[in-house]
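Student: Dropping the structure in here first, questions after.
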Amino acid sequence: MAELTFSGRRPGLFRRRRRSAEEPPRHEAVRRADPYSFEVAHRRLAWMLRISAGTNVVLGLGLCTALTALSHLFPLKTTEIALVRNDSVSNQLIRIEPISEDVDGFALLMEQKARWYVRALLEIDAVTQTERLRQAFVMTDDKFYEAFKKERIDSGAIQDAINSGLTRSITVESVDLIESYDDNKRKYAVDLVQTDTRRGDVVETKKIRAYLAMTTRPHTVREADRFENPLGITVLDLSLKERANS
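Okay, so the sequence shown: first residue is 31 according to my numbering, each after it adds one.
Shown next, in the form of structure tokens:
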């Protein structure tokens, strides 16, 4: 087999190219084409650093908030001294929030309460008198309660009628809304028939129109009375006017 040998210089295939001193740097052409590329890249990098710093600050604040919230979920690590007062159930007060006019059936409910209140307050019956008045006073304004108590109870008018054997029944004929105010007050006209009997005999019959001012508002009651007026309906005033018998 013949041996391949090279004499003299190595072939150009294996020759390493030397860079001449006059050859420009590799990035010189790019710089000449876009002389502001470095400034643009630097500006972009600066904005990325600002955004990154802002993001880190927001994440840090969120982490602090989360840690604070979690710390409140854990039980106390120290013993705290406090005065605990255990009142009896009868002394506890409950706040009643009123019903809203936006509730379906609000008008019908107010009319029904007006019917019931007039009967509860004006009827006279020895058996149910005390309980009826107690229930009616739960939804009675304090000012009107004091006036009614002074006129009908403290004066002895109701007790004298009961002692004489009088029984007064109320029959409601109609309930009409006559005024509605902006402060959630309503005024109703209640037409009723008042029948007085004594020992089964009719003594007197009157046709009366009762003007009833009502509203809904918050109030506080004892725990035992929390179901007496759970909707916060309150009667502000009641006046009576006799109608002509026809």
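For every residue, glycine included, the Cβ atom is placed at its ideal position computed from N, Cα and C.
Indicate the three-state DSSP secondary structure (helix, strand or coil) for residue 201 in the structure shown.
Tutor: Residue state, collapsed to three classes: strand.
Student: DSSP on residue 175, reduced to helix/strand/coil?
Tutor: Helix, per DSSP.
Student: Going by alpha carbons, who is nearest to residue 269 out of 86, 181, 246, 230?
Tutor: Residue 269 has its Cα closest to that of 181, out of 86, 181, 246, 230.
Student: Taking the alpha carbon of residue 168 as the point to measure from, which residue in 138, 262, 219 has its own alpha carbon closest?
Tutor: For the residues 138, 262, 219, the minimum Cα distance to residue 168 belongs to 262.
Student: At what residues does the alpha helix (DSSP H) containing residue 147 begin and finish?
Tutor: 136-152 is the span of the alpha helix (DSSP H), which, as asked, contains residue 147.
Student: Grouping DSSP H, G and I as helix and E and B as strand, with all else coil, what is residue 269?
Tutor: DSSP places residue 269 in strand when its eight states are reduced to three.
Student: On the DSSP bridge assignment, give the partners of residue 220 in chain order.
Tutor: Residue 220 pairs with 205, 240.
Student: Taking the alpha-carbon positions, what's the residue 161 to residue 99 distance?
Tutor: Going by the C-alpha atoms only, they are around 52 angstroms apart.
Student: For residue 198, which residues in the same chain have their Cβ closer than 6 angstroms to its Cβ, ignoring the five residues on either side in sequence?
Tutor: Only 153, 154, 226 meet the Cβ criterion.
Student: Would you report the Cα separation of residue 170 and residue 164, rounded to the nearest angstrom?
Tutor: Straight-line Cα distance between these residues: approximately 10 angstroms.
Student: As a quick exercise: from 192, 243, 147, 200, pick the residue whose alpha carbon is nearest that of residue 211.
Tutor: Closest option to residue 211, Cα to Cα, is 243.
Student: If you check the beta carbons only, do residue 266 and residue 245 fall under 8 angstroms apart?
Tutor: Yes. Within cutoff.
Student: What distance in whole Å lies between the Cβ atoms of residue 222 and residue 200, which are believed to be in contact at a cut-off of 8 angstroms?
Tutor: Contact flag correct, Cβ pair sits at about 5 angstroms.
Student: Going by CA-CA distance only, name the one from 159, 206, 92 that's closest to residue 192.
Tutor: Nearest of 159, 206, 92 to residue 192, Cα basis: 159.
Student: Relative to the C-alpha of residue 247, which residue among 241, 235, 264, 232 is closest?
Tutor: Comparing Cα-Cα distances from residue 247 to each of 241, 235, 264, 232, the minimum goes to 264.
Student: Which value, in whole angstroms, describes the spacing of the CA atoms of residue 203 and residue 239?
Tutor: Each residue's Cα considered, the two are about 10 angstroms apart.
Student: Is the beta carbon of residue 147 sitting closer than 8 angstroms to the one on residue 166?
Tutor: The answer is yes: Cβ separation under 8 angstroms.
Student: CA-CA distance, residue 230 and residue 194?
Tutor: If I take the Cα positions, the gap works out to 13 angstroms.
Student: Starting from the C-beta of residue 175, find all residues in its chain whose C-beta is less than 8 angstroms away, skip the five residues before and the five after it, and write them out in chain order.
Tutor: Within the same chain, residue 175 has close Cβ partners 167.
Student: Between the alpha carbons of residue 213 and residue 96, how many angstroms are there, rounded?
Tutor: So the alpha carbons of these two residues sit roughly 44 angstroms apart.
Student: Would you tell me roughly how many angstroms separate the C-alpha atoms of residue 234 and residue 273, rounded to the nearest one?
Tutor: Near 14 angstroms, if we compare the C-alpha coordinates of residue 273 and residue 234.
Student: Assign residue 151 to one of two classes, buried (16 or more other C-beta atoms within 10 Å of its C-beta) or exposed (fewer than that).
Tutor: Buried, by the Cβ-count rule.
Student: What residues in its chain sit with their C-beta under 8 angstroms from that of residue 232, if we drop five residues either side in the sequence?
Tutor: Cβ within range, chain order: 225, 226.
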